[in-house]
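Report on the following structure.
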Amino acid sequence: MTPNRDTLSNQIPTPELTQTLQRAVALMRPQNKSILTAEMVLWAFLQSPTCEAHAVLQRLSRELGFDWLDFQREVERFARDRRTERDIKFDFVTDRQERVPLSNEMLIILDEGLALADMQHQSKCSTIHALAMMTGDNIGTAWLLKRRGITRQKILGERESRPPKADLAKAVQPSPSPSSKPKPKATATTVYAREKLVKELVNLLSIMQGRHVILVGATGVGKRSLVLAVARLIGEGKGPTGLKSVKEIDETALLNDPLAEIKDGLSSAKGGILFVADVARFFGGIHADFSDKACLELQKAFLANDIIIIGTATEARYQERLSKSNLLMENSQILRVPPATIEETKAILGVLRPQFQADYGITIAEESLDTVTRLVARYYTVEPLPGAAVYLLHRACALLKTNQKKADNSLNPEDVMVAVSLLTDVPMAHMGADERNRYLNMVERLHQRIVGQDEAVVALSRAVKMARVGLKEPKRPIGSFLFLGPTGVGKTELAKALAEFLFGTENALIVLDMSEYMEDNSINRFVGSPPGYVGYEAGGQLTDAVKKRPYSVVLFDEVEKASVKVFDALLQVMEEGRLTSGRGETVDFSQTVILMTSNIGGRYLVNLELAEEAARQLTQLALQEHFRPEFLNRLDDIIYFQPLSDENLKNIFNLLLIQEGKLMANHHLQLKVTPEATDWLLAQNDHPEWGARPLRRLIQKHIREPMADYILEKDPPAGTSIEVKLEGEKLAFEVSK
Numbered sequence: 000m001t002p003n004r005d006t007l008s009n010q011i012p013t014p015e016l017t018q019t020l021q022r023a024v025a026l027m028r029p030q031n032k033s034i035l036t037a038e039m040v041l042w043a044f045l046q047s048p049t050c051e052a053h054a055v056l057q058r059l060s061r062e063l064g065f066d067w068l069d070f071q072r073e074v075e076r077f078a079r080d081r082r083t084e085r086d087i088k089f090d091f092v093t094d095r096q097e098r099v100p101l102s103n104e105m106l107i108i109l110d111e112g113l114a115l116a117d118m119q120h121q122s123k124c125s126t127i128h129a130l131a132m133m134t135g136d137n138i139g140t141a142w143l144l145k146r147r148g149i150t151r152q153k154i155l156g157e158r159e160s161r162p163p164k165a166d167l168a169k170a171v172q173p174s175p176s177p178s179s180k181p182k183p184k185a186t187a188t189t190v191y192a193r194e195k196l197v198k199e200l201v202n203l204l205s206i207m208q209g210r211h212v213i214l215v216g217a218t219g220v221g222k223r224s225l226v227l228a229v230a231r232l233i234g235e236g237k238g239p240t241g242l243k244s245v246k247e248i249d250e251t252a253l254l255n256d257p258l259a260e261i262k263d264g265l266s267s268a269k270g271g272i273l274f275v276a277d278v279a280r281f282f283g284g285i286h287a288d289f290s291d292k293a294c295l296e297l298q299k300a301f302l303a304n305d306i307i308i309i310g311t312a313t314e315a316r317y318q319e320r321l322s323k324s325n326l327l328m329e330n331s332q333i334l335r336v337p338p339a340t341i342e343e344t345k346a347i348l349g350v351l352r353p354q355f356q357a358d359y360g361i362t363i364a365e366e367s368l369d370t371v372t373r374l375v376a377r378y379y380t381v382e383p384l385p386g387a388a389v390y391l392l393h394r395a396c397a398l399l400k401t402n403q404k405k406a407d408n409s410l411n412p413e414d415v416m417v418a419v420s421l422l423t424d425v426p427m428a429h430m431g432a433d434e435r436n437r438y439l440n441m442v443e444r445l446h447q448r449i450v451g452q453d454e455a456v457v458a459l460s461r462a463v464k465m466a467r468v469g470l471k472e473p474k475r476p477i478g479s480f481l482f483l484g485p486t487g488v489g490k491t492e493l494a495k496a497l498a499e500f501l502f503g504t505e506n507a508l509i510v511l512d513m514s515e516y517m518e519d520n521s522i523n524r525f526v527g528s529p530p531g532y533v534g535y536e537a538g539g540q541l542t543d544a545v546k547k548r549p550y551s552v553v554l555f556d557e558v559e560k561a562s563v564k565v566f567d568a569l570l571q572v573m574e575e576g577r578l579t580s581g582r583g584e585t586v587d588f589s590q591t592v593i594l595m596t597s598n599i600g601g602r603y604l605v606n607l608e609l610a611e612e613a614a615r616q617l618t619q620l621a622l623q624e625h626f627r628p629e630f631l632n633r634l635d636d637i638i639y640f641q642p643l644s645d646e647n648l649k650n651i652f653n654l655l656l657i658q659e660g661k662l663m664a665n666h667h668l669q670l671k672v673t674p675e676a677t678d679w680l681l682a683q684n685d686h687p688e689w690g691a692r693p694l695r696r697l698i699q700k701h702i703r704e705p706m707a708d709y710i711l712e713k714d715p716p717a718g719t720s721i722e723v724k725l726e727g728e729k730l731a732f733e734v735s736k
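Numbering (numbering that gives the first Met the number 0), first residue to last: 0 to 736.
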């Protein structure tokens, strides 16, 4: 039974040392060793090529001239053969929650290593600190190291001699001019400068007080590229006055020892800029991601002017942590970085093109960059430009490389469309279709799904076409329409058809039931709660959905039920084409179509005793009584839906039967329904006034449910055609001949 011993605190070893201890445990198991000893850990250092202690030992091998392989063999023999003491006080807990006893020597190494780390202003014992302590007089590994000249001073001196941080100002080359020939392989980082933003950043960095800058923007908008652009100016001698270099926090070193990396970064960046990605990690008090010492060290730098901090943050992280820090807000400037425009994105891809060609060993046609930019802005909107476009180009290049069947080894627009189709599930044929002809035939395309409702389809198509050719205010949505009509006549179906027509998939339809937003406090669910309020992390149901898919159709069902506050937000969307979320993010609605349904005046539209014109006039009066004038004036059109005729219902029913046949075809069965069976099914509709809604239930009840029993009982082979026919007063199934 394992004695009740203490466990080693995870605050003592760095992640790299913890990983090495795990490797040492794996090495000791085959040797039937039960205690984790110093020699086992030294052996693990030699078995871990990425470990810092391994690198230092290899450099000392070359410097001191001893045989590396002979040293490895001797350490391994010693680790296998040495007997260990049994007075155990602490256990090391592995990632599998195994408790492994630590020898007393290892406790001394870790304890003294931690003390050494503290003297060097570091918070945890690293592999180097542990290796240095293995040379101690009372440690069994000391003779293995010292006989080859490996002393504590040499180990620590070797670590301190590591190369200084690279200066980004010397590592960035100018963007190639349009007329220059691209190099086969870039020798330094290339970057496209978004000139307006670069000028704003340079201006902020030129202020003599509070020169620190926080770049706020979504992941993928190019915040780091903006810093690289400034670094390039500094390298050319054109940067902000007095700044001579740009250094960057190393993420790997930061995870290994946060305090040491922050101190190293601040020390190397004196007289210049220190770039800190996701600077919010160092703020937030008890919620900060790193130790108090590391956070305080970086925060103190915001009080000085000898080092300029440029940090980055998303809008949510800024609102959650940074905006609440008086120290940061009083000593730094905020620069918001919006997504790149389509034109900027294409230029950015042009700058990156030589590097992509060199990395993937392919050529990229110029028109492919146009296709990437156009399609990513329309179909892949889960992240902003230019990040989304860069990611898509990577996907397209990788796809071409792994499925290489072309002699010319070049990426063309069709390859890009294949990549987008795989990424978004949007059919490739939709992307390649001629846009002009598609819009010219928009009415016919919508009528492939919409039965009847000629007036509604024509009115909606007319407005969308005007927006498509640019005859709309650029900042407002593509169109804002109010759908009026009885239930089941095709309002939602037309919204789905429009989403598929415009954006290639029904998934581009965002539906919000406004009966869920009848209370004033529901505005917090609509756009998101402000920082500090319940539900802040959840975001807004409208703003988050449109942020993820800015090219979409947004359907507000039963809009008349929305609360006043929600309605005010909707008015802002219709007028200004944007909405600010609870996180402070501005969400763009200029590429959306806004559709709304309402039952106001519906009783007049279904009243057969009223003439059509009279019904519409009464409906207009009802709308004016309920809705504010500013709402009605912002609508591009009010679209009326007519009750469906018997012929319409029959056509819709036939379309539904075709869909049912496709469902069975997925299971390698064919469905046939005789005309007599179709007429009988339609006769079972007890509520024709509900439009097409009951028709799906008829198919569910009379075909799908009994068909399941029939298939289970008969087990028809693949390829069987099953006919649904009328026998007497009920339906029957039989294998069709």
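C-beta: ideal position from N, C-alpha, C; glycine also.
Go ahead and label residue i buried or exposed: buried means 16 or more other beta carbons lie within 10 angstroms of its beta carbon, across all protein chains shown.
| i | result |
| --- | --- |
| Q356 | buried |
| P183 | Bear in mind that a pLDDT of 40 at P183, under 50, signals an unreliable position, so the number given afterwards is only what the model happens to contain. The residue is exposed, with fewer than 16 neighbouring Cβ atoms inside 10 Å. |
| D645 | exposed |
| A737 | The requested residue 737 does not occur in the structure, where the chain is confined to residues 0 to 736. |
| S179 | At S179, the pLDDT of 46 sits below 50, so the modelled position is not reliable and the matter cannot be decided from this model. |
| A613 | exposed |
| S244 | buried |
| R627 | exposed |
| V563 | exposed |
| Q699 | exposed |
| T6 | exposed |
Quick check: what's the CA-CA separation for residue i versus residue j?
| i | j | result |
| --- | --- | --- |
| E712 | E722 | 16 Å |
| N668 | T719 | Checking the sequence, you will find Leu at residue 668 rather than Asn. About 5 Å. |
| N31 | Q71 | 20 Å |
| A54 | I127 | 10 Å |
| A494 | E557 | 14 Å |
| F89 | T218 | 44 Å |
| L258 | Y516 | 48 Å |
| P715 | E704 | 16 Å |
| V220 | P383 | 6 Å |
| A455 | L410 | 43 Å |
| L59 | I149 | 7 Å |
| T491 | R394 | 35 Å |
| V739 | K661 | The structure shown does not extend to residue 739, since the chain is modelled only from 0 through 736, so no value can be given for it. |
| A165 | K400 | 33 Å |
| C738 | I285 | Not covered by the structure: residue 738. The range shown for the chain is 0 to 736. |
| N330 | R352 | 39 Å |
| Y550 | I657 | 30 Å |
| K222 | S460 | 40 Å |
| R602 | N650 | 25 Å |
| Q24 | R280 | For the record, residue 24 in the displayed sequence is Val; it is not Gln. If you take the alpha carbons of V24 and R280, they lie about 33 Å apart. |
| L109 | S125 | 9 Å |
| P687 | L648 | 8 Å |
| L631 | A397 | 50 Å |
| V488 | V226 | 55 Å |
Along the chain, where does the alpha helix (DSSP H) containing residue i start, and where does it finish?
| i | result |
| --- | --- |
| I307 | No alpha helix (DSSP H) contains I307, which is instead part of the beta strand (DSSP E) from I307 to A312. |
| A707 | E704 to K713 |
| Y603 | G601 to L604 |
| G660 | D645 to A664 |
| G478 | Segment G478 to L483 is the beta strand (DSSP E) holding G478; no alpha helix (DSSP H) there. |
Between residue i and the ligand MN, is the CB less than 8 Å from at least one heavy atom?
| i | result |
| --- | --- |
| L578 | This structure simply doesn't include the ligand MN, nor any ligand for that matter. |
Just to check my reading of the structure: residue i and residue j have Cβ atoms closer than 8 Å, yes? What is that Cβ distance to the nearest angstrom?
| i | j | result |
| --- | --- | --- |
| Q641 | G451 | 7 Å |
| F289 | S324 | No, F289 and S324 are not in contact; Cβ-Cβ is about 15 Å, not under 8 Å. |
| E104 | F77 | Rounded, the Cβ-Cβ distance is 13 Å, inconsistent with contact. |
| V526 | A466 | Contact flag wrong, Cβ pair sits at about 25 Å. |
| A300 | V278 | About 11 Å; that fails the 8 Å criterion. |
| L483 | I637 | 6 Å |
| V425 | T504 | 5 Å |
Could you please give the first and the last residue of the uninterrupted beta strand (DSSP E) stretch that includes residue i?
| i | result |
| --- | --- |
| E584 | No beta strand (DSSP E) contains E584, which DSSP labels as neither H nor E. |
| P100 | R98 to L101 |
| S205 | It is not in any beta strand (DSSP E) - S205 carries neither H nor E in the DSSP assignment. |
(request) Quick one: which unbroken alpha helix (DSSP H) runs of 4-plus residues sit fully inside the region 553-581? Chain order, please. (result) 563-575
(request) Write down every uninterrupted run of the alpha helix (DSSP H) in the region 48-107 whose length is 4 residues or greater and which is fully enclosed by it, in chain order. (result) 51-63 and 67-80
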